[in-house]
Structure formats: structure tokens, C-alpha cells
């Protein structure tokens, strides 16, 4: 695949105006205590006590458990930094870990425990877009602010009634970024095969639109059942469309099965340029495809939200690199945690409605700061802040999500390792 034309290339695409059907809120248990937030909202969970307690929803089990440490470790590092600086509201922040299971059912069970038993004030997570889509209405009903560092599906924009935030740039931005990579490599007839869920369908739509706008032809779009066991028929449709490149939009396990079926039908990465996104970027992907031959995934190329966006120098990036853990979405979960703490501090409250109302204000103030300690001092001095994060400078914030994105270009090598290529990031 050609990469030389990427040298020196920076793509700027104007951000477009921005996963899934929400389900109704579960009823909450109550200990009989009623507290009132400053904006008039109320909580009867007995959680508003001046101590910020953050519950986490990360995939300790399920298809995305391979990146669990990439998400949970940054949360722990952020909390350590926060508490070293004096905590929030003069008290240490407490973290209660929880599993989203890469599953709405698992996540809901965990969530109910976090808010009803552990009395958390806020949530960092969940990781998958499909899980978030099933919880956003509940966040609003329960008045629990949540911030995810990895949900990117387009139909999560504007949901949650002001209680759901995300630091990862939405797929309305990554779709054009991936299209730019594919067409920049000289391909003009592209087949898309994607998970038949809100994430896959949404991403496929954004990618298809961007490819067509660039002058490329979309040979076919095939949606597959991610819970299926045989993908031969889906892959055959891709082969029959005779593309000059294929984009596979999936997660680790189902994406590996699709790629295995493509290899069997002689349209694998050894025969056909294959592109993907962050959902299939994993240190275990090659082993999932074929543990006996990790080289079978060599050449698969993709985009992913940049773990260290160009132009950003933040202490977290270097500190996390020393852990040796996969960096995928790490800086985004770190920023979620810092921003949640700053929101509680600036609101002078651990009540959900107050935290939610203050969340975006801290990326819109007059005084720049990048560490929690520096931001805390400015807030204590009565000044407004513009938090400059590890994942973004947050120069543009669209109500509940970043309005810009920077994307790494990466590729699987012959050892099955995902390697970030030495080319300029794609900026959208």
C-alpha cells in the first residue's frame, strides 16, 4: 500500500453538524434521603455529601476486554493526580470500578449497583457506543453525569439531556478521515462491510458519503450480524462487487472472523487492500484471526483517534507511555476523569445536575491550564478556565463533544503488531 503521498499532508475538513435507540430508565432504590442540587434538580440516592465518587464502566469482559487496561489505567492516573493536588471540594476523589461487559445488559446491572449501592456521583464510561445508547436516557432520568472517552457513533450526538459527554471525536469526523486515507492511497472503487448495529451502520454511512464526495465509487455496502458464526455469504457479496479496496468496520472478535472469511476467499490483506478503524485496532487482533500465523493480518491499514495529537504536549502522554499499555483511547479517558473533577470543583457541588451544568464551561473559559493542579488554583482564585487536555486542546466544543478530531494512521505489520505510521495525522 502506498504511504509516501501522506508525507506532509494535513487534511482539514469542516466539521459537520452531528449510537442507537435508548431504553427507558430502571426504577431506582432509595434510602429515603432527598437532596437538592443548586439548579433545582433533585436526587434521592443519598449521594450528595461533598465527596466526589466516580463509578467506571469499562469492558472488563466481552469483545472489548482486550483494551480494558487502556481505559481504566488512565482513570486511575487521573484520580491520583487529582488527589495529589488536594482532591475535589477539599476531599480525595473515590473511584468505584465497574464492568460494562461490552454488553448493555451487563452494563445496566453494573450501573444500577454503582448508583444505588455505591452512591456514585458520576460515571466515566461506558466504552462501546451501543452500550452508551442503551444508557443515555437513564443518565438523564437519574441525573447522573457520564463521560465516555471512546464512544464515537454518530447518533449519540445531542442525547442524554445534558448528562452525557464524550471526549472522543464522533464518527462524523472519522468517516471522512478514513475516506481520505483510502482515496489518498489511490483507491477509487471501495466496498464496505460493517457491523449491523448503530456503530457499524453509522460509520458506514459517514464513510460512504465521504468517499462519494471525494469522487470514489462505493462498490457495495454489506452489513453483517456481529453475533454470527459464518460470514461467507457476506464476504462473497463483497468479492462479487469487484472493489479495488475494502473497508471493514467491526470490533476485535467479529472483525477477525470477517477477515478470516476474506482470507479464505482470496480477498484478504495479501490479495486486497483492507482498511479499518479503531474498533479493530488491538494487540490481540492477529492472534484472533490465526494464532498460528500472525502475519495474515499484515497490511491492514486504518485510522484511530490520535493517542498523542500533533501539537499537544501533555505530561500524561509521556507518563502513560511508560506503562507499556496499549495507548488506544487512553488520553480520552484521562481527560474525561479530569474534566468531571473540574466540573464538580467549579460547581462547588457533587450533585449531578450541578456537575453537568458546569462540565462544558471549563473548556470555554479565559485562562488556559493543562494540569488539574493548575486548573484548580485558577478556579480557587475565581477565574474561568479553558482546560487543555491530553487528547485535545478543545479549541472547539460542540455542547457535549469535541468539534474537531486528529487521527493516527496505523497498519498491522508481519508480526501482527499495530504500528503507527510515520505520516502526518489526519485532522478533521
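Residue numbers (the working numbering): 223 to 650. All residues carry an ideal CB built from backbone N, CA and C; glycine is no exception. This one's a predicted model, so the numbers in the text were calculated from it and none came from an experiment.
| query | result |
| --- | --- |
| Range covered by the beta strand (DSSP E) that runs through residue 400 | Here residue 400 belongs to no beta strand (DSSP E); instead the alpha helix (DSSP H) covers 393-406. |
| Residue nearest to residue 475 in terms of C-alpha spacing, selected from 278, 283, 273 and 605 | 283 |
| Beta-carbon contacts of residue 547 that lie in its chain and below 7 Å, excluding the five residues immediately before and after | 291, 292 and 295 |
| Under the three-state DSSP convention, the category residue 423 falls into | helix |
| Residue environment, residue 641, which counts as buried when at least 16 other CB atoms sit within 10 Å | exposed |
| Distance CB(residue 520)-CB(residue 636) smaller than 9 Å | yes |
| Burial state of residue 633 (16 or more Cβ within 10 Å) | buried |
| Residue 211 in three-state terms, based on DSSP | Summary: the structure shown does not reach residue 211, with the chain confined to residues 223 through 650, and so no result is reported for it. |
| Whole-number beta carbon distance between residue 310 and residue 563, since they are thought to touch under 8 Å | 5 Å |
| Environment of residue 349 [buried if 16+ CB atoms lie within 10 Å] | buried |
| Length of the line joining the Cα atoms of residue 651 and residue 312 | Nothing can be reported for residue 651: it is not among the residues displayed for the chain, which extend from 223 to 650. |
| The stretch 530-548 contacting the stretch 607-617, beta-carbon criterion three pairs below 8 Å | yes |
| Inter-residue spacing [alpha-carbon to alpha-carbon] between residue 376 and residue 370 | 14 Å |
| Three-way DSSP call (helix, strand, coil) for residue 639 in this model | coil |
| Rounded separation between residue 243 and residue 355 - CA only | Reliability fails at residue 243, whose pLDDT of 28 lies under 50, so the model's placement of it is uncertain and the value that follows must be treated cautiously. Between residue 243 and residue 355, the C-alpha separation is close to 6 Å. |
| Coarse secondary structure for residue 305, derived from DSSP in three states | helix |
| Span of the alpha helix (DSSP H) around residue 596 | 594-602 |
| Between the CA atoms of residue 485 and residue 590 - distance to the nearest angstrom | 50 Å |
| Secondary structure of residue 569, DSSP reduced to three states | helix |
| When 336, 603, 323 and 388 are compared against residue 267, the one with the closest alpha-carbon | 336 |
| CB contact flag (residue 271, residue 572, <9 Å) | yes |
| Local conformation of residue 233 per DSSP, three classes | Low local confidence applies: a pLDDT of 32 at residue 233 is under 50, so the model's placement there is unreliable, with the coordinate-based value given in what follows. Coil, per DSSP. |
| Separation of residue 555 from residue 280, as counted between CA atoms | 10 Å |
| Where residue 650 sits in the DSSP three-state scheme | coil |
| Span separating the alpha-carbon of residue 647 from that of residue 579 | 33 Å |
| Beta-carbon proximity of residue 524 to residue 493, cut-off 9 Å | no |
| Inter-residue spacing [alpha-carbon to alpha-carbon] between residue 390 and residue 557 | 10 Å |
| Distance between residue 585 and residue 534 (C-alpha atoms, nearest Å) | 15 Å |
| Beta-carbon proximity list for residue 340, same chain, < 8 Å, skipping 5 on both sides | 275, 277 and 318 |
| Residue 274 - containing beta strand (DSSP E), residue span | Per DSSP, residue 274 belongs to no beta strand (DSSP E) and is neither H nor E. |
| Expected contact under 8 Å - CB spacing of residue 628 and residue 532 to nearest Å | 6 Å |
| Beta-ladder partner(s) of residue 629, from DSSP | 527 and 648 |
| Beta-carbon separation (whole angstroms), residue 470 vs residue 498, contact threshold 8 Å | 5 Å |
| Cross-strand partners of residue 431 (DSSP beta bridge) | Residue 431 pairs with nothing; no bridge assigned. |
| C-alpha gap between residue 605 and residue 443, whole angstroms | 51 Å |
| Span of the alpha helix (DSSP H) around residue 578 | 574-581 |
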